[in-house]
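Asks: Residue numbers (my numbering): 7 to 184. Every residue, glycine too, gets a C-beta built ideally from N, C-alpha and C. This one's a predicted model, so the numbers in the text were calculated from it and none came from an experiment. There's a structure below that I have some questions on.
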């Protein structure tokens, strides 16, 4: 049951971060699909403890059915934000709404903390982001904003980074009310 423990600890960490980010509801709702049979059973079956079970499922089958299920139900994954551009008739990335960008930021920090444990550093999320660079997959503006937040976290720490996220979320709410 290592997987169940890992996803639950991760959700709790994301909730703490989402509260700091000013989006507590996103924290409560975060990754609930991981408890569905489509994600939980493969997660338990392919659990390794040091990386996502989805990676093992991909190695074995060439894809991860659990990931395909997950990304289609969780708006904090940039992969959710693809649609056909009416001008080009091609699938292209869409800029993520700020609230989901903020949740993705919280998610990635929490994942770094869970997987790195006592070796966690504030630069880990940035290091991971730069190593797997999703360029050409993530909307350029979303990518710039996320990288800027990770750089702020690495250089100035959590207080500064979460203050910036709260400000971004507040600004988006203000724009919607206008």
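Give me the Cβ distance between residue 29 and residue 105, rounded to the nearest whole Å; I'm assuming they're in contact under 8 Å.
Replies: That pair is a contact at about 6 Å.
Asks: With H, G and I counted as helix, E and B as strand and the rest as coil, what does DSSP make of residue 177?
Replies: Helix, per DSSP.
Asks: Between residue 145 and residue 156, what straight-line distance do the alpha-carbon atoms span, to the nearest angstrom?
Replies: Rounded to whole angstroms, residue 145 to residue 156 spans 17 Å at the Cα level.
Asks: Specify, as a first and last residue, the run of the beta strand (DSSP E) that residue 99 falls within.
Replies: Element bounds for residue 99: 97–99.
Asks: Within 10 angstroms of the Cβ of residue 171, are there 16 or more other Cβ atoms? Answer buried if so, exposed if not.
Replies: Label assigned to residue 171: buried.
Asks: Thinking just about the alpha-carbon of each residue, which of 49, 92, 96 is nearest to the one in residue 73?
Replies: Comparing Cα positions, the closest option is 49.
Asks: Which class does residue 88 belong to by DSSP, given the choice of helix, strand or coil?
Replies: Residue state, collapsed to three classes: strand.
Asks: Apply the 10 Å Cβ neighbour rule to residue 17 and answer buried if 16 or more other Cβ atoms are within range, or exposed otherwise.
Replies: Burial call: buried.
Asks: Less than 8 Å between the beta carbons of residue 160 and residue 132, yes or no?
Replies: Cβ atoms of residue 160 and residue 132: closer than 8 Å.
Asks: Determine whether the beta carbon atoms of residue 20 and residue 8 lie at a separation below 8 Å.
Replies: Not closer than 8 Å, so no.
Asks: Quick check on DSSP: helix, strand or coil for residue 47?
Replies: Residue 47: helix per DSSP, three-state reduction.
Asks: In this structure, how does DSSP classify residue 54 when only helix, strand and coil are distinguished?
Replies: Here residue 54 sits in coil by DSSP.
Asks: Applying the criterion that 16 or more other CB atoms from any shown protein chain within 10 Å of the CB defines a buried residue, is residue 138 buried or exposed?
Replies: Residue 138 comes out exposed.
Asks: What number of angstroms, rounded off, separates the C-alpha of residue 46 from the C-alpha of residue 80?
Replies: Those two C-alpha atoms are separated by around 15 Å.
Asks: Note down, one range per segment and in chain order, each alpha helix (DSSP H) of at least 4 residues found wholly within the region 115–145.
Replies: Here the runs fully enclosed are 130–138.
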